[in-house]
Amino acid sequence: MNDVLDVTLRLLIVFVVFLTFPLIIGQTEHKVMAHMQGRLGPMYAGGFHGWAQLIADGVKFAQKEDVVPAGADRRIFQLAPAVALLPYLLVLLAIPIGPDEGAVGQVIDAGVFFVLAVMGVGVLGSLMAGWASANKFSLLGGLRTAAQLLAYELPMLLTAASVAMAAGTVSLPGILDAFEWWWLPWQIVGAIVFFVAGLAELQRPPFDMPVADSEIIFGAYTEYTGLRFALFLLAEYAGIVVLCGLTTVLFLGGWHGPWGADGLGWVWTLLKTAVLAFLVIWLRVTYPRLREDQLQKLSWTLLVPLSLAQIALTGIVKVVIQ
Amino acid sequence: MTLAAAAGLLGSGPTFTAAAETRGFLSPTGVEIAFLLVGLVTFGAAIVTVTTRQLVHAALWLVVALGGLAVEYLLLTAEFIAWVQVLIYVGSVVVLLLFGLMLTRAPIGRSPDADSGNRWAALTVAVAAAAALVWVVVDAFRTIWIDLDGPAAGSTEATGASLFQNWVLPFEALSVLLLAALVGAIVLSRKAKAEAAPPAEPTPPKSTPAPSPPAASTKPGSSPAASTKPGNPSAASTPPGNPPAGSPPATSGPAAPSEQEGTR
């Protein structure tokens with residue numbers, strides 16, 4: 001009975017985090033973008049600096065009619081948002097935020113593989129949406145999504161493998177247990193490659209070619225309305241939470257901090273995740289969109305070689321210090 | 001929920017024991033029943049994959065079948081293999097498949113020509129292969145049971161240790177094979193590009209219509225890779241003709257599939 005309660009509680013907490021953190025990041029994005037562009041952003045909803053804007057948006061989405069285009073493949077069209085969103089919920093289960101046994105949803109032996117595998121499944125949702133919409137812009141968006149995933153999955157895997165090599169384990173809490181501060185300069189190239197590839201996998205600017213609104217309207221999500229559209233947006237922001245959390249855990253030492261690490265580990269994790277999320281927003285405001293050929297070129301000619309070099313460096317250092 | 005349940009089972013882990021005499025087929029445990037049910041789902045999805053007339057649906061049912069296999073690995077406590085299965089097959093192979101389908105043709109609804117005259121031959125081969133595999137596996141592991149209560153036999157550590165201690169030679173042979181495939185893919189794609197490109201690429205904007213027909217007419221007799229000719233000159237000559245908005249997908253499109261086809 002106690003076990004059942006424990007599992008239920010953990011699932012509940014992960015679910016609440018899954019529902020709230022993306023909204024917090026979305027609201028932060030509204031405000032940060034606005035201030036970077038010299039305006040105020042949402043100010044009315046909820047009273048204080050428009051804090052309830054996203055809740056109001058959610059209510060609006062829920063009221064809209066759920067339209068399925070006449071020529072669409074009905075069932076796949078309706079299934080796609082769930083396929084896009086649920087993997088991120090599963091990934092959140094495996095990310096540890098503190099050093100204790102209780103600070104992770106579920107300890108998974110092959111955590112790195114689990115996380116990357118399940119994140120890759122989420123992209124299937126965009127592909128299904130792009131195909132099932134019976135819309136050429138959606139199809140183009142789906143194609144670009146697929147091409148982007150194929151290009152950026154490899155550097156992401158390679159850099160994660162580099163960390164796993166350094167730690168000698170593929171379990172996420174295990175990697176954090178083995179973490180030392182000098183891993184930061186040692187794995188910094190891998191960290192940047194991982195983060196950039198993750199941004200591309202989430203289709204965040206500057207890698208938002210698949211949803212480039214000035215060319216193909218909104219890519220795979222063009223035909224979606226109401227709640228299903230909101231689910232795709234939620235998936236994007238949940239993806240930001242997951243990517244920033246993962247980068248924190250794999251490369252930035254998670255709950256380790258220069259001071260006050262005892263008992264406050266989770267604060268460090270959340271702080272680093274928040275800083276990375278701010279960086280994601282900042283990049284969106286700062287950089288123009290990469291063209292499709294530039295996207296492919298960046299991955300195959302820069303990120304893949306860099307991650308291979310990082311693996312070589314990791315291997316050399318690992319052998320030297322033993 | 002199933003994940004937590006499966007991971008909970010994994011926490012306890014297995015060992016291989018030869019304790020067949022204490023086991024029976026008539027009193028299955030919960031895990032065995034779950035294994036059977038997931039196996040039925042996987043089998044059904046696999047059958048739908050090869051019988052459905054809708055191409056993209058076939059690819060999506062393949063996702064279900066491959067995912068079901070991953071769950072079976074999980075139930076057998078081979079956690080590492082399960083996640084790698086999802087990562088490679090669902091995350092990459094099926095995405096590649098869908099990419100190829102969407103790039104060539106992926107009609108919504110039934111494809112009347114999504115059928116093969118070889119279906120009986122294919123069925124025969126499939127049944128024969130399945131029978132051989134089942135026979136070999138049953139014969140090899142007749143008296144071996146996975147003990148779900150002992151230390152994990154399929155954990156990453158155990159898998160890695162057995163891979164690099166007992167199976168190093170096959171592992172290395174496989175990696176050399178993959179390397180050869182990789183090099184071969186690069187050589188093939190470069191050769192195709194070298195034959196198609198010279199008229200088109202040095203002077204991209206205007207001179208394509210004139211030089212490309214001679215290139216197409218003179219070379220096929222001498223080139224071994226003549227089968228790639230009809231596709232590539234036309235693909236290389238599309239960018240100048242297209243309006244600017246269409247050109248990024250047109251330029252990236254032919255480059256990407258030629259890589260993908262090579263690796264496949």
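The listed protein sequences derive, respectively, from chains G and U. Quick note on this note's numbering: the first sequence kicks off at 1 and runs consecutively. Quick note on this note's numbering: the second sequence kicks off at 1 and runs consecutively. Note that CB positions come from ideal geometry on N, CA and C, so glycine has one too. What you are looking at is a predicted structure, and each value in this text was computed from that prediction instead of being measured.
Per-residue burial, residue i [other beta carbons within 10 Å of its own, 16 or more giving buried]
i	result
Pro288 (chain G)	exposed
Arg144 (chain G)	buried
Tyr44 (chain G)	exposed
Pro107 (chain U)	exposed
Pro155 (chain G)	buried
Met119 (chain G)	buried
Asn135 (chain G)	buried
Leu276 (chain G)	buried
Glu180 (chain G)	exposed
Gln296 (chain G)	buried
Pro170 (chain U)	exposed
Thr159 (chain G)	buried
Gln322 (chain G)	exposed
Ala83 (chain U)	Reading off the sequence, residue 83 (chain U) comes out as Trp, not Ala. Buried.
Ile60 (chain G)	Residue 60 (chain G) is actually Lys in this sequence, not Ile. Result: exposed.
Gly50 (chain G)	buried
Pro202 (chain U)	Low local confidence applies: a pLDDT of 47 at Pro202 (chain U) is under 50, so the model's placement there is unreliable, and no value is given.
Pro258 (chain G)	exposed
Pro87 (chain G)	buried
Phe232 (chain G)	buried
Glu172 (chain U)	exposed
Leu19 (chain G)	exposed
Gly241 (chain U)	With a pLDDT of only 39 at Gly241 (chain U), under 50, the local geometry of the prediction cannot be trusted, and no value is derived from it.
Ser162 (chain U)	exposed
Asp6 (chain G)	exposed
Among the options, nearest to residue i - alpha-carbon criterion
i	options	result
Asp113 (chain U)	U:Phe99, U:Thr51, U:Ser162 and U:Gly30	U:Thr51
Leu98 (chain U)	G:Leu140, G:Ile311 and G:Leu202	G:Leu140
Leu55 (chain U)	U:Val94, U:Leu66, U:Val90 and U:Glu79	U:Val94
Ala70 (chain G)	G:Glu223, G:Val121 and G:Leu233	G:Glu223
Leu89 (chain G)	G:Val16, G:Phe77 and G:Ile76	G:Val16
Asp66 (chain G)	G:Arg228, G:Gly239, G:Asp3 and G:Ala238	G:Arg228
Trp282 (chain G)	G:Gln37, G:Val7 and G:Ala132	G:Gln37
Val319 (chain G)	G:Gly168, G:Ala235 and G:Gly245	G:Gly168
Gly109 (chain U)	G:Ala212, G:Asp73, G:Leu199 and G:Thr28	G:Asp73
Asp213 (chain G)	G:Gly226, G:Ser162 and G:Phe137	G:Phe137
Leu306 (chain G)	G:Leu264, G:Ala191, G:Ser133 and G:Thr28	G:Ala191
Thr8 (chain G)	G:Val68, G:Gln106, G:Pro99 and G:Gln27	G:Gln106
Val103 (chain U)	G:Glu236, G:Gly142 and G:Asp100	A small correction: the amino acid at residue 103 (chain U) is Leu; Val does not occupy that position in the sequence shown. Here the closest residue by C-alpha is G:Gly142.
Ala197 (chain G)	G:Leu40, G:Leu23 and G:Leu303	G:Leu303
Whether residue i touches residue j by CB criterion (8 Å)
i	j	result
Gln187 (chain G)	Phe113 (chain G)	no
Val130 (chain G)	Val83 (chain G)	The sequence as given places Gly at residue 130 (chain G); Val does not occur at that position. Taking 8 Å as the Cβ cut-off, Gly130 (chain G) and Val83 (chain G) do not qualify as a contacting pair.
Leu202 (chain G)	Leu149 (chain G)	no
Glu153 (chain G)	Ser92 (chain U)	yes
His35 (chain G)	Gln53 (chain G)	no
Ala80 (chain G)	Met128 (chain G)	yes
Gly111 (chain G)	Val170 (chain G)	yes
Ile95 (chain G)	Trp255 (chain G)	no
Val241 (chain G)	Phe21 (chain G)	yes
Val193 (chain G)	Gln310 (chain G)	yes
Thr247 (chain G)	Phe195 (chain G)	yes
Tyr89 (chain U)	Ile81 (chain U)	no
Leu101 (chain U)	Ala45 (chain U)	no
Val38 (chain U)	Val71 (chain U)	yes
Gly265 (chain U)	Glu79 (chain U)	It is not possible to answer for residue 265 (chain U), since the shown part of chain U is limited to 1 through 264.
Ile146 (chain U)	Thr77 (chain U)	yes
Leu75 (chain U)	Val31 (chain U)	yes
Arg284 (chain G)	Pro205 (chain G)	yes
Leu199 (chain G)	Val280 (chain G)	yes
Thr273 (chain G)	Gly245 (chain G)	yes
Val14 (chain G)	Leu92 (chain G)	yes
Leu23 (chain G)	Ala235 (chain G)	no
Within chain C, partners of residue i - CB distance below 9 Å
i	result
Gly184 (chain U)	Note that chain C does not occur in the displayed structure, where the protein chains are G and U.
task = Quick one: which unbroken alpha helix (DSSP H) runs of 4-plus residues sit fully inside the segment 134-197 of chain U? Chain order, please.
result = Counting whole runs of 4 or more residues, the segment 134-197 of chain U contains the alpha helix (DSSP H) stretches 156-165.
request  = Mind checking the segment 147-164 of chain G against chain U and listing, in chain order, the residues whose C-beta falls within less than 8 Å of any C-beta there?
outcome  = Within the segment 147-164 of chain G, the residues whose Cβ lies closer than 8 Å to some Cβ of chain U are Ala147, Leu149, Leu150, Glu153 and Leu157, listed in chain order.
ask   = Any residues in the segment 60-87 of chain G with a beta carbon nearer than 8 Å to a beta carbon of chain U? Which ones, in chain order?
value = If the cut-off is 8 Å between Cβ atoms, the segment 60-87 of chain G has Gly71, Ala72, Asp73 and Ile76 near chain U.
inquiry  = If the cut-off is 7 Å on Cβ atoms, which residues from the segment 107-120 of chain U count as contacting chain G, listed in chain order?
reply    = Result list: Ile108.
ask   = Got a sec: which bits of the segment 64-83 of chain U sit with their beta carbon under 7 Å from any beta carbon on chain G, in order along the chain?
value = Hits within the stretch, in order: Glu79, Phe80 and Trp83.
task = Write down every uninterrupted run of the beta strand (DSSP E) in the segment 194-228 of chain G whose length is 3 residues or greater and which is fully enclosed by it, in chain order.
result = Residue ranges of uninterrupted beta strand (DSSP E) with 3 or more members are absent from the segment 194-228 of chain G; none lies entirely inside it.
Residues, ordered as in the chain, of the segment 120-146 of chain G that lie near chain U by beta-carbon distance below 8 Å = Within the segment 120-146 of chain G, the qualifying residues are Gly120, Val121, Val123, Leu124, Leu127, Met128, Gly130, Trp131, Ala132, Ala134, Leu139, Leu140, Gly142, Leu143, Arg144 and Ala146.
task = Can you give me, in chain order, the residues of the segment 177-202 of chain G that have a beta carbon less than 8 Å from any beta carbon in chain U?
result = Sequence-ordered contacts of the segment 177-202 of chain G with chain U are nonexistent [C-beta pairs closer than 8 Å].
ask   = Going along the segment 38-57 of chain G in order, which residues come within less than 7 Å of chain U, judged by CB to CB distance?
value = Within the segment 38-57 of chain G, no residue has a Cβ that lies closer than 7 Å to any Cβ of chain U.
message = What are the residues in the segment 197-231 of chain G lying within 7 Å of chain U by C-beta distance?
response = Those residues of the segment 197-231 of chain G that come within reach of chain U (Cβ to Cβ, closer than 7 Å) are Glu215.
key: alpha helix (DSSP H) runs contained entirely in the segment 76-149 of chain G, provided each spans 4 or more residues   = 111-132, all fully within the segment 76-149 of chain G.
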